[in-house]
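Working notes, beginning with the structure itself.
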Amino acid sequence: MFNYFTTLIEFTKLLIFFRQELWNINDLDNYFIDTNNVDSFQKKVISYGIICIKICQWISQRVDILGKNTIKTLEFFQKSVPAHSNLFDKDSPLKLGLNTKFSYIDNVCIGSGSISQVHKCISIDNIHGVIKITHPNVKENIDKNIDWFTAIVPIINIVYPPTNILNLNQMISTIKIQIDYSFEVKNQILLKQILSKLEFVIVPEVYDYTHNYIFQEMCCGLSRQEIEESYPEYLIDMAQKTQAAYFWMTYCGYIHTDLHDGNVFYHIDSEDDSKNKIIIVDFGLVFELDEKKESSLHIKNFRYMSQKNNEGLQLMIKESLDKFLYSEKELQKIYSRINSLNLVDKDLKNMNMVEYADDILNKLNETNAILRTPELYCFLGLILVCREFRDNDGKPFDVLISSMNLLLNSKDEEVAKYAKEVNSYISNIW
Numbered sequence: 001m002f003n004y005f006t007t008l009i010e011f012t013k014l015l016i017f018f019r020q021e022l023w024n025i026n027d028l029d030n031y032f033i034d035t036n037n038v039d040s041f042q043k044k045v046i047s048y049g050i051i052c053i054k055i056c057q058w059i060s061q062r063v064d065i066l067g068k069n070t071i072k073t074l075e076f077f078q079k080s081v082p083a084h085s086n087l088f089d090k091d092s093p094l095k096l097g098l099n100t101k102f103s104y105i106d107n108v109c110i111g112s113g114s115i116s117q118v119h120k121c122i123s124i125d126n127i128h129g130v131i132k133i134t135h136p137n138v139k140e141n142i143d144k145n146i147d148w149f150t151a152i153v154p155i156i157n158i159v160y161p162p163t164n165i166l167n168l169n170q171m172i173s174t175i176k177i178q179i180d181y182s183f184e185v186k187n188q189i190l191l192k193q194i195l196s197k198l199e200f201v202i203v204p205e206v207y208d209y210t211h212n213y214i215f216q217e218m219c220c221g222l223s224r225q226e227i228e229e230s231y232p233e234y235l236i237d238m239a240q241k242t243q244a245a246y247f248w249m250t251y252c253g254y255i256h257t258d259l260h261d262g263n264v265f266y267h268i269d270s271e272d273d274s275k276n277k278i279i280i281v282d283f284g285l286v287f288e289l290d291e292k293k294e295s296s297l298h299i300k301n302f303r304y305m306s307q308k309n310n311e312g313l314q315l316m317i318k319e320s321l322d323k324f325l326y327s328e329k330e331l332q333k334i335y336s337r338i339n340s341l342n343l344v345d346k347d348l349k350n351m352n353m354v355e356y357a358d359d360i361l362n363k364l365n366e367t368n369a370i371l372r373t374p375e376l377y378c379f380l381g382l383i384l385v386c387r388e389f390r391d392n393d394g395k396p397f398d399v400l401i402s403s404m405n406l407l408l409n410s411k412d413e414e415v416a417k418y419a420k421e422v423n424s425y426i427s428n429i430w
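So for the sequence shown, the numbering used here puts the first residue at 1; every next one is plus one.
Following this line, the structure appears as structure tokens:
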């Protein structure tokens with residue numbers, strides 16, 4: 001339950017605890033050049049618990065607005081969250097409670113995230129796999145802190161407006177979902193079925209689960225960082241396959257919102273590297289989209305993007321507004337005001353992506369609140385991406401085209417048909 005006194009006390013403690021980082025908030029990238037500052041900050045975050053770790057994981061993905069040193073400091077929490085040792089000691093309560101299910105559980109953790117850690121194991125039926133189990137006291141830590149963390153985010157946004165773009169409350173609202181293993185398993189089984197049409201994607205099979213653990217197939221692969229360091233020749237292939245899987249997933253109406261480095265791995269086939277695959281794990285943050293297949297949002301966006309000049313923008317806005325009961329006169333007035341904004345008439349070489357996004361949001365707010373729809377934002381995002389690719393000789397765009405070619409060569413007719421349609425739109429855009 002929300003408590004003003006608790007929130008005030010905890011917020012004050014937070015400010016004191018992170019006073020050094022807050023003092024350097026406008027120059028964090030230089031502050032994190034010093035490894036002592038990095039170590040100190042990371043230890044503070046870990047001591048604060050799950051929500052603070054989750055916030056760092058969330059922010060670490062914003063490579064568009066944060067400096068290299070800051071990203072590197074925050075990325076630590078994607079793959080280096082300390083595991084709890086001795087969970088499966090011989091006489092531990094947890095081990096004793098699992099004795100009827102498993103004949104062996106290795107005490108050495110092979111992977112640890114903010115909520116769970118993973119160990120090799122063997123079931124009583126002699127099935128080899130891994131067990132995913134929550135860290136001790138996870139639920140208690142979340143229940144104790146989530147209300148006051150949620151309450152201070154609007155204050156932080158007011159005091160330091162740049163944090164608005166991080167959408168922290170949205171992230172915090174998903175934390176409790178991630179400790180629900182039944183929700184995660186349901187997503188994993190569903191995505192395994194959807195992604196089974198792609199020959200280059202592996203989703204581990206779930207053998208058994210309860211609200212306390214998930215017992216699943218063990219799949220071995222390398223992280224993006226390991227590929228970059230040891231097998232750089234496969235880095236583009238990994239990117240292409242990840243992007244292709246993501247596009248197919250969203251086309252089918254589902255989105256995995258947590259595809260960071262710790263959740264995507266690359267399996268190298270020692271005999272034939274054309275059979276290399278990606279492994280996708282951790283399905284606690286998978287959500288269903290309202291529209292699927294031919295009516296999916298990104299198919300619509302590609303159709304609109306292939307229109308000349310601003311015609312696609314007009315079509316997207318019209319579709320966004322059709323759900324509301326505007327008269328023809330009101331619609332024309334809105335169109336006129338939007339045209340005067342010149343939303344897509346920007347020189348990206350002299351304006352970074354965040355400034356452009358802020359400019360769009362501010363102008364839309366001035367125009368009409370009803371225009372702030374997910375469809376319109378998604379479309380504007382594609383405009384940004386495609387125009388940025390053009391300004392950079394199209395090299396990132398080549399990865400997208402190659403990703404579609406992977407799908408185009410699929411043995412599954414539906415996948416190939418989808419890729420062919422998207423490729424035709426890409427050709428028109430490019």
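We put the beta carbon where it would ideally sit given N, CA and C, even for glycine.
For Phe183, which of helix, strand or coil comes out of DSSP?
-> helix
Quick one: residues in its chain with C-beta nearer than 8 Å to the C-beta of Glu75, no 5 flanking neighbours on either side, listed in chain order?
-> Ser60, Asp261
To which residues of the same chain is Tyr207 closer than 8 Å at the C-beta, ignoring the five residues directly before and after it?
-> Ser123, Ile127, Gly129, Phe215, Gln216, Glu217
Do you know how far the Cα of Thr250 is from the Cα of Ser402?
-> 18 Å
Pull up the distance between the alpha-carbon of Leu222 and that of His267, whole angstroms please.
-> 6 Å
Buried versus exposed call for Ala369 [16 or more other C-beta atoms within 10 Å across all chains shown] | With a pLDDT of 44 at Ala369, under the threshold of 50, the modelled position of this residue cannot be trusted; read the value that follows with caution. Exposed is the call here.
Go ahead and pull the three-state DSSP assignment for Ser47.
-> Residue state, collapsed to three classes: helix.
Residue range of the unbroken beta strand (DSSP E) whose run includes Val130 = 128-134
In the structure shown, what three-state DSSP assignment does Leu222 receive?
-> strand
Taking Cβ positions, are Ile175 and Lys54 nearer each other than 9 Å?
-> yes
Excluding the 5 residues preceding and the 5 following Thr70 in the sequence, name in chain order all residues of the same chain whose CB lies nearer than 7 Å to its CB.
-> Leu28, Asp29, Phe32
In whole angstroms, what separates the C-alpha of Leu22 from that of Thr12?
-> 13 Å
Cα-Cα separation between Leu87 and Gly113, rounded to whole angstroms = 15 Å
Which residues bound the alpha helix (DSSP H) around Gln20?
-> Unbroken alpha helix (DSSP H) run through Gln20: 19-23.
Considering only C-alpha positions, which residue in the set Leu190, Ile179, Phe247, Leu406 is nearest to Val138?
-> Ile179
Below 8 Å, can you find three or more Cβ-Cβ pairs linking the stretch 237-251 to the stretch 151-158?
-> In the pairwise beta carbon analysis, the stretch 237-251 is classified as not touching the stretch 151-158: fewer than three pairs are separated by under 8 Å.
Cβ contact (3+ pairs, closer than 8 Å) linking the stretch 191-210 and the stretch 233-247 = The stretch 191-210 makes contact with the stretch 233-247; the number of CB pairs closer than 8 Å reaches 3 or more.
Residue ranges of each beta strand (DSSP E) run of no fewer than 3 residues wholly in the stretch 60-89, ordered along the chain?
-> none
Starting from His267, follow its DSSP beta bridges and name the residues at the other end.
-> For His267, which the question treats as bridged, DSSP gives the partners Lys277.
Measure the C-alpha to C-alpha separation of Ser80 and Arg224 and round it to an integer number of angstroms.
-> 14 Å
What span of residues does the beta strand (DSSP E) with Phe247 cover, start to end?
-> First-last for Phe247: 235-251, but that is the alpha helix (DSSP H), not the beta strand (DSSP E).
So what does DSSP say about Phe5, is it helix, strand or coil?
-> helix
Using a threshold of 9 Å, state whether the C-beta atoms of Gln20 and Asn3 are closer than that.
-> no
Under the three-state DSSP convention, the category Ile444 falls into | In the structure as shown, the chain starts at 1 and stops at 430, and residue 444 therefore has no counterpart that could be examined.
CA-to-CA distance, Ala239 to Arg387, given in whole angstroms | Residue placement at Arg387 cannot be trusted, given a pLDDT of 48 that sits under 50; what the coordinates show is reported in the next sentence. Distance between the alpha carbons of Arg387 and Ala239 is about 20 Å.
What residues in its chain sit with their C-beta under 6 Å from that of Val118, if we drop five residues either side in the sequence?
-> Ile110, Gly111, Val130, Lys132
On a CA-only basis, which of Asn167, Asp147, Tyr254 is nearest Gln193? Give me that one, please.
-> Gln193 has its Cα closest to that of Tyr254, out of Asn167, Asp147, Tyr254.
Could you please give the first and the last residue of the uninterrupted alpha helix (DSSP H) stretch that includes Lys139?
-> 138-159
Classification of Phe283 by the beta-carbon crowding that lies within 10 angstroms, buried from 16 upward = Burial is judged here by how many other beta carbons sit within 10 angstroms of a residue's own beta carbon; Phe283 has at least 16 and is buried.
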